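Inspection log for the structure reproduced underneath, given as structure tokens.
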Amino acid sequence: MTSAAREARVGARHRLDVRLQILAVLIAPLTFSGCGEATRGAPGPSMPVAGPPGSARQAASPSPPESPRPPSSEIAPRPPLPAAFESLREEALALAAALRQRYPDAPEPIDLAGTMHDRFGNLTAATSLWEAWLADHPGSAEAHLRLGKYAREKGEETSAVEHLEQAFNARPDLPGAQILLGESLTNIGRADDAIAVLVRELPATAGNPNRLTLLGHARLQHGDFAGAKADFERAVAIDPASPHALYGLTIASGRLGETEAAERHRAAFAARKAQSLFRDRANAPARLDDMPALLQAMAGWYAIAGRIDRARGDMASAERDWLRALDFAPGQREARTALVDLYRRQGRDGEARGLLERAGATAQPPGAAGRN
9 MTSAAREARV GARHRLDVRL QILAVLIAPL TFSGCGEATR GAPGPSMPVA
59 GPPGSARQAA SPSPPESPRP PSSEIAPRPP LPAAFESLRE EALALAAALR
109 QRYPDAPEPI DLAGTMHDRF GNLTAATSLW EAWLADHPGS AEAHLRLGKY
159 AREKGEETSA VEHLEQAFNA RPDLPGAQIL LGESLTNIGR ADDAIAVLVR
209 ELPATAGNPN RLTLLGHARL QHGDFAGAKA DFERAVAIDP ASPHALYGLT
259 IASGRLGETE AAERHRAAFA ARKAQSLFRD RANAPARLDD MPALLQAMAG
309 WYAIAGRIDR ARGDMASAER DWLRALDFAP GQREARTALV DLYRRQGRDG
359 EARGLLERAG ATAQPPGAAG RN
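As structure tokens, this is what we get:
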């Protein structure tokens, strides 16, 4: 993939995220997915191979336990942080491959590997993973959801709808399925079907302003301006700063002949849109190999790996995963919280306290300790 093509695809993904405002919802990472990937920021310098004394890598190492540690939980020394993009990719994909080997019948490692390939710019590899999984598990709603998402990113809306419909029909409450399907149906002009999907107030999306905004736009396409206005008003009541809902209110009010209301909503939309554009430009991803963002992504992936290992009873591997997550990002909350819980359950209270103390010291502003 050329640099221009890679940046174009990243830009397309970013615009989709802005339009839906759902990368907290993302496609609301599958209950096991999402992988904790941080928003990609502006380019930054490569990180050093090994941190200086007192660095995050050293701080993440456990202090001597208060009670003997079970032999199964012995932690081997961890390598220094990679300093190059290729090394990060190799380590990430090796982690996913190891999880897939340990748990060949579980979808979570497939999702993790697919997310990694997607993040590193190889959508074909991510798609192939889920296609292979779907061949062995034809009823997998997760596979259809991911394949639908990838088809959308490639601009293949018809194919996306086919997969997303199967995901939604199998598991309507699967995070992301309803919103992605509703938007794809609207995009291909099937407003009636989009409304039928988006009008359902499922437990996960009953109060989701993005669902209501998309529903409003589907109603606009259908010609139901009063219904659209009501949906946009509900969305704005939940998220007053939503430029997409405010824009919808502008259109719906105008179509209903409510000129003053339309102008009021138009002014609010213009103000919010300006703020949104400023924020988007500040946070716009510049390239796939943005090292600071990748380090955060690596931490998130290791945190997810630890969660997968813990769910299957491999606490030694889970501990290694979480410690490695803290190597990459000392502030990785999921990994730190999971480690504290693990240490306390194993009677390793000293190590638990050490993690919490280091987290507190990291959170203090410079010079705070000296002022106390």
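Counting from 9, one number per residue, gives the positions in the sequence shown under the numbering used here. Note that the Cβ used here is the ideal one computed from N, Cα and C, for glycine as well. Quantities reported herein were computed from a predicted structural model and do not represent experimental measurements.
Proximity of residue i and residue j at Cβ, strictly below 7 Å
i, j, result
"A253", "A243", "yes"
"S456", "V207", "No information on residue 456 is available, as it lies outside the stretch 9 to 380 that the chain covers here."
"L103", "A313", "yes"
"A226", "A202", "yes"
"P217", "D181", "no"
"L331", "Q340", "no"
"P251", "R280", "yes"
"A214", "F233", "no"
"L172", "G197", "no"
"E342", "Y351", "no"
"G122", "A134", "yes"
"G265", "G224", "no"
"G190", "L222", "yes"
"N195", "E164", "no"
"D329", "Y310", "yes"
"H230", "A199", "yes"
"S148", "A159", "no"
Given residue i as reference, the closest of the options once Cα atoms are compared
i, options, result
"R356", "D232, Q109, E327", "E327"
"P115", "L142, V205, R97", "L142"
"T345", "K157, I196, L363", "L363"
"P211", "S136, L137, R179", "R179"
"L296", "P85, G147, L89, H125", "H125"
"I382", "G256, W138, A100", "Here the chain has residues from 9 to 380 only, and residue 382 is not among them."
"A100", "Q109, L120, P88", "L120"
"V107", "Q354, P338, I316, L347", "The sequence given here has Leu at residue 107, not Val. Of the listed residues, the one whose Cα sits closest to L107 is I316."
"H145", "A159, A199, G190, A175", "A175"
"A337", "N177, R366, A105, R361", "R366"
"N177", "E268, E241, A204", "A204"
"A249", "F277, L89, A269, S136", "F277"
"A91", "Q354, D298, R160", "D298"
"R86", "D349, S325, R361, R320", "S325"
**Asked** Can you list, in chain order, the stretches of the beta strand (DSSP E) that have 3 or more residues and sit fully within the segment 89-144?
**Response** none
**Prompt:** Is the segment 303-317 in contact with the segment 269-280, if contact means three or more CB pairs nearer than 8 Å?
**Reply:** no
**Message:** Closer than 8 Å is the cut-off here; do at least three beta carbon pairs connect the segment 175-186 with the segment 145-156?
**Reply:** yes
**Message:** Using 8 Å as the cut-off, can you tell me whether the segment 123-136 makes contact with the segment 106-114, which would need three or more C-beta pairs spanning the two stretches below that distance?
**Reply:** no
**Item:** Segments of 4+ residues assigned as alpha helix (DSSP H) that fall wholly inside the segment 160-231
**Value:** 165-178, 185-195, 199-206, 217-230
**Residue ranges of each alpha helix (DSSP H) within the segment 269-340, 4 or longer** = 299-319, 323-336
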